[in-house]
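Numbering (this note's numbering), first residue to last: 279 to 535.
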């Protein structure tokens with residue numbers, strides 16, 4: 279299996295300005311993400327950014343980066359441009375590694391790429407893990423995914439799905455609910471693998487109504503009839519960095535290493 283890991287990185291962040299350049303143990307965050315991605319089986323790791331400062335940080339550390347346009351509405355659109363800039367063949371597998379996950383597990387990157395490589399019918403692959411508490415199940419910030427028997431996504435939602443009608447039939451507050459064992463709720467992990475040919479097609483797909491309602495970009499893929507494979511991880515991955523508190527937590531991890 280051969281794949282390329284691309285790390286989209288933007289400086290603009292409302293909760294944590296200049297996030298990709300935040301220092302973690304003497305290196306910018308984006309460089310820490312590259313270091314983790316290089317521990318995977320990726321044949322190539324490239325940072326895609328619209329900011330010269332980010333590109334400079336990456337290249338000064340000895341890694342590969344590429345400037346892209348600044349007007350992309352999403353990271354997926356930025357990857358579509360990268361497919362053209364790198365002149366990747368349609369069958370190439372591209373893994374989108376988020377630029378704010380300096381603790382990303384390299385084995386998870388490999389597993390999502392392998393999920394896509396194993397099934398030519400898939401346009402994309404992603405990952406999930408079990409939800410074991412009601413707080414996460416009812417939290418709209420925790421995206422859920424329901425799959426079919428072939429481990430393909432049927433739907434992604436911020437709503438609590440699947441809904442166990444019988445177990446949740448009482449009038450108790452959701453704070454009192456205990457998740458039934460048979461529910462098997464899955465939390466979506468925001469790691470994606472794509473075929474380069476699909477990324478070329480994605481750039482031309484119209485946004486979907488469901489995508490706009492849920493604010494979940496991957497629903498555009500299902501809306502247009504493409505298949506998304508879902509690798510089920512044994513445990514939750516380390517959390518990414520969205521806030522100053524997250525940054526402090528990750529810095530503490532690197533300080534203990």
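We put the beta carbon where it would ideally sit given N, CA and C, even for glycine.
Owing to the predicted nature of the structure, the values given are computational and were not obtained by experimental measurement.
By how many angstroms is the C-alpha of residue j removed from the C-alpha of residue i?
{"i": "residue 316", "j": "residue 425", "result": "30 Å"}
{"i": "residue 328", "j": "residue 440", "result": "39 Å"}
{"i": "residue 325", "j": "residue 333", "result": "8 Å"}
{"i": "residue 314", "j": "residue 419", "result": "26 Å"}
{"i": "residue 371", "j": "residue 364", "result": "13 Å"}
{"i": "residue 368", "j": "residue 504", "result": "16 Å"}
{"i": "residue 497", "j": "residue 350", "result": "18 Å"}
{"i": "residue 460", "j": "residue 397", "result": "28 Å"}
{"i": "residue 339", "j": "residue 414", "result": "38 Å"}
{"i": "residue 321", "j": "residue 289", "result": "26 Å"}
{"i": "residue 526", "j": "residue 299", "result": "14 Å"}
{"i": "residue 462", "j": "residue 376", "result": "26 Å"}
{"i": "residue 438", "j": "residue 428", "result": "22 Å"}
{"i": "residue 444", "j": "residue 533", "result": "48 Å"}
{"i": "residue 423", "j": "residue 528", "result": "27 Å"}
{"i": "residue 487", "j": "residue 480", "result": "16 Å"}
{"i": "residue 464", "j": "residue 335", "result": "36 Å"}
{"i": "residue 330", "j": "residue 466", "result": "32 Å"}
{"i": "residue 530", "j": "residue 502", "result": "43 Å"}
{"i": "residue 468", "j": "residue 409", "result": "15 Å"}
{"i": "residue 474", "j": "residue 446", "result": "43 Å"}
{"i": "residue 433", "j": "residue 494", "result": "10 Å"}
{"i": "residue 514", "j": "residue 374", "result": "18 Å"}
{"i": "residue 458", "j": "residue 304", "result": "45 Å"}
For residue i, list the residues DSSP reports as bridge partners.
{"i": "residue 430", "result": "507"}
{"i": "residue 515", "result": "Per DSSP, none; premise fails for residue 515."}
{"i": "residue 286", "result": "326"}
{"i": "residue 564", "result": "Residue numbering for the chain in the displayed model covers 279 to 535; residue 564 lies beyond these limits and cannot be assessed."}
{"i": "residue 374", "result": "284, 470"}
{"i": "residue 343", "result": "325"}
{"i": "residue 435", "result": "422"}
Residue i and residue j look like a contact to me (Cβ under 8 Å); what is the Cβ gap, rounded to whole Å?
{"i": "residue 318", "j": "residue 384", "result": "4 Å"}
{"i": "residue 545", "j": "residue 283", "result": "Absent from the structure is residue 545, since the part of the chain shown begins at 279 and ends at 535."}
{"i": "residue 360", "j": "residue 337", "result": "Contact flag wrong, Cβ pair sits at about 16 Å."}
{"i": "residue 436", "j": "residue 492", "result": "6 Å"}
{"i": "residue 500", "j": "residue 431", "result": "7 Å"}
{"i": "residue 520", "j": "residue 310", "result": "So it is not a contact: roughly 15 Å between Cβ atoms."}
{"i": "residue 386", "j": "residue 405", "result": "6 Å"}
{"i": "residue 356", "j": "residue 295", "result": "Actually they do not touch by this definition, with Cβ atoms about 20 Å apart."}
Which of helix, strand or coil does DSSP assign to residue i?
{"i": "residue 532", "result": "helix"}
{"i": "residue 306", "result": "strand"}
{"i": "residue 424", "result": "strand"}
{"i": "residue 301", "result": "strand"}
{"i": "residue 394", "result": "helix"}
{"i": "residue 314", "result": "helix"}
{"i": "residue 462", "result": "coil"}
{"i": "residue 495", "result": "coil"}
Take every Cβ of the region 375-391, pair it with every Cβ of the region 502-511, and state whether three or more of those distances are shorter than 8 Å.
yes
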